[in-house]
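Asks:
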Amino acid sequence: MTDDRDLVAAFRRLREADESRSRSLPALLSRRVPARPRLTVGRAVALPLALAGLLAGAAWLVRRGGAPRPVEADLWAWRSPTRALLPPDAGVGALPRIGETWGAPASFSQLEEPK
Amino acid sequence: MSTDAMRRLLEELHPASFGWAMACTSGDREEAEVVLQTACLLALDGKARWGGASPFRTWFFGVVRNVAASRRRRRLLERFFFPVPLEAVPQDRGAADPPDDDAAREVRRALGTLSARQREVLHLVFYEGMAIGEAARTLGLRLGTARTHYERGKARLRRALAPTAGERRP
Chain A
2 MTDDRDLVAA
12 FRRLREADES
22 RSRSLPALLS
32 RRVPARPRLT
42 VGRAVALPLA
52 LAGLLAGAAW
62 LVRRGGAPRP
72 VEADLWAWRS
82 PTRALLPPDA
92 GVGALPRIGE
102 TWGAPASFSQ
112 LEEPK
Chain B
205 MSTDAMRRLL
215 EELHPASFGW
225 AMACTSGDRE
235 EAEVVLQTAC
245 LLALDGKARW
255 GGASPFRTWF
265 FGVVRNVAAS
275 RRRRRLLERF
285 FFPVPLEAVP
295 QDRGAADPPD
305 DDAAREVRRA
315 LGTLSARQRE
325 VLHLVFYEGM
335 AIGEAARTLG
345 LRLGTARTHY
355 ERGKARLRRA
365 LAPTAGERRP
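Protein chains in written order, with my numbering: chain A, 2 to 116; chain B, 205 to 374.
1. Excluding the five sequence neighbours on either side, which residues of its own chain have a C-beta within less than 8 Å of the C-beta of residue 262 of chain B, listed in chain order?
2. My assumption, with CB atoms under 8 Å, is that residue 19 of chain A sits in contact with residue 223 of chain B. Please give the rounded CB distance.
3. Assuming residue 207 of chain B is part of the alpha helix (DSSP H), what are its boundary residues?
4. For residue 268 of chain B, I'd like the list of residues in its chain whose CB is within less than 8 Å of its CB, leaving aside the five on either flank, ordered along the chain.
5. Using beta carbons (cut-off 8 Å, strictly below), is residue 1 of chain A in contact with chain B?
6. Are the beta-carbon atoms of residue 214 of chain B and residue 48 of chain A separated by less than 8 Å?
7. What are the boundary residues of the alpha helix (DSSP H) that residue 48 of chain A is part of?
8. Counting only Cβ-Cβ distances shorter than 9 Å, please list the residues of the region 16-33 of chain A near chain B, keeping chain order.
9. Please check if any C-beta of chain A sits within less than 8 Å of the C-beta of residue 205 of chain B.
10. What's the call for residue 6 of chain A, buried or exposed, on a 16-neighbour Cβ count within 10 Å?
11. Measure the alpha-carbon distance for residue 11 of chain A versus residue 41 of chain A and round it to whole angstroms.
12. To the nearest angstrom, how far is the alpha carbon of residue 46 of chain A from that of residue 359 of chain B?
13. If we cut at 8 Å on Cβ distances, does residue 14 of chain A have a partner in chain B?
14. Listed in chain order, which residues of the region 305-323 of chain B have Cβ atoms closer than 9 Å to some Cβ of chain A?
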């Protein structure tokens, strides 16, 4: 400990400084207890705004996306220019094959299966 | 243990507890007072119970340290969610708050260059006069680990204090 005399002296200075600044226990206990949580005016406005933003975002996502679409519906959507001209009960065979005309057909007869 | 007995023990330990609270809050007096007040209230309300398995000082210093750590974590979270203070928090800093003298300020600055663990071990040993083993129990460290922090902390503190000592000598 002899070698540490410099450090002992340094900490003694610190202790003396602390002792001159410390309050007694009763004074400390009678001190106003900090409010917990500190809800300030700014936070009282910011928190509901943040929550409202989250809810609005979630509602927008649901409205935009809706329920997941079945794969079949996506396939029909891909062929939509032609599909729009077909009767609702027309099957897949009624569609033109790859390599055939893809422009808007003049009549339903163009969409018949090649013989 | 009755509230009166606990209060007596806390009063006996009060100067040392305040020093320890200052060490746990990096010398922030306002924060040290809040931490110490919270720890005392926890002990007096029976929310933190001393079982007698370790010396009272070891136990209470552990409570103070936990309170300081939990308040530090909470402040970090608050800073994450509210990086800009939305409203100034009133400080209970009275006019009767004497500033540190130069020597004490210099020691605090030098201690600030140490890691938290080194600072805690050195504080318990040199300021509180604990043996390294007791300091290790207070901090929940193994003896060897505490000893390593102690040795490295001493060397680092000496280096940090050295220029100051040189300036003082004529």
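Ideal Cβ positions, reconstructed from N, Cα and C, are used throughout, including at glycine.
None of these values were measured; they are calculated from a predicted model.
Replies: Let me spell this out:
1. The residue you call residue 262 of chain B lines up with position 58 of the second sequence. The answer, listed in chain order, is 338, 341 and 342.
2. In the first sequence, counting from the first residue as 1, residue 19 of chain A sits at position 18. In the second sequence, counting from the first residue as 1, residue 223 of chain B sits at position 19. Right, the Cβ-Cβ distance comes to about 5 Å (below 8 Å), so this counts as a contact.
3. By one-based count along the second sequence, residue 207 of chain B stands at place 3. Residues 207-228.
4. Taking the second sequence and counting its residues from 1, one reaches residue 268 of chain B at position 64. Once the five neighbours on either side are set aside, the close Cβ partners of residue 268 of chain B are 221, 224, 225, 228, 239, 240 and 243.
5. Here chain A has residues from 2 to 116 only, and residue 1 of chain A is not among them.
6. The residue labelled residue 214 of chain B in the question sits at position 10 within the second sequence. The residue labelled residue 48 of chain A in the question sits at position 47 within the first sequence. Not a contact, by the Cβ cut-off of 8 Å.
7. Within the first sequence, numbered from 1, the residue matching residue 48 of chain A stands at position 47. Unbroken alpha helix (DSSP H) run through residue 48 of chain A: 42-66.
8. 16, 17, 18, 19, 20, 21, 22, 23, 24, 25, 26, 27, 29, 30, 32 and 33
9. Against the second sequence, residue 205 of chain B aligns to sequence position 1. No - not a single Cβ of chain A is within 8 Å of the one on residue 205 of chain B.
10. Counting from 1 along the first sequence, the entry for residue 6 of chain A is found at position 5. Exposed: under 16 other Cβ atoms inside 10 Å.
11. For the purposes of this step, residue 11 of chain A is taken as the residue at position 10 of the first sequence. For the purposes of this step, residue 41 of chain A is taken as the residue at position 40 of the first sequence. Taking the straight line joining both Cα atoms gives about 42 Å.
12. If you number the first sequence from 1, residue 46 of chain A lands on position 45. If you number the second sequence from 1, residue 359 of chain B lands on position 155. So the two alpha carbons sit approximately 51 Å from each other.
13. Locating residue 14 of chain A in the first sequence gives position 13, counting from the first residue. Residue 14 of chain A counts as touching chain B.
14. 305, 307, 308, 309, 310, 311, 312, 314 and 315
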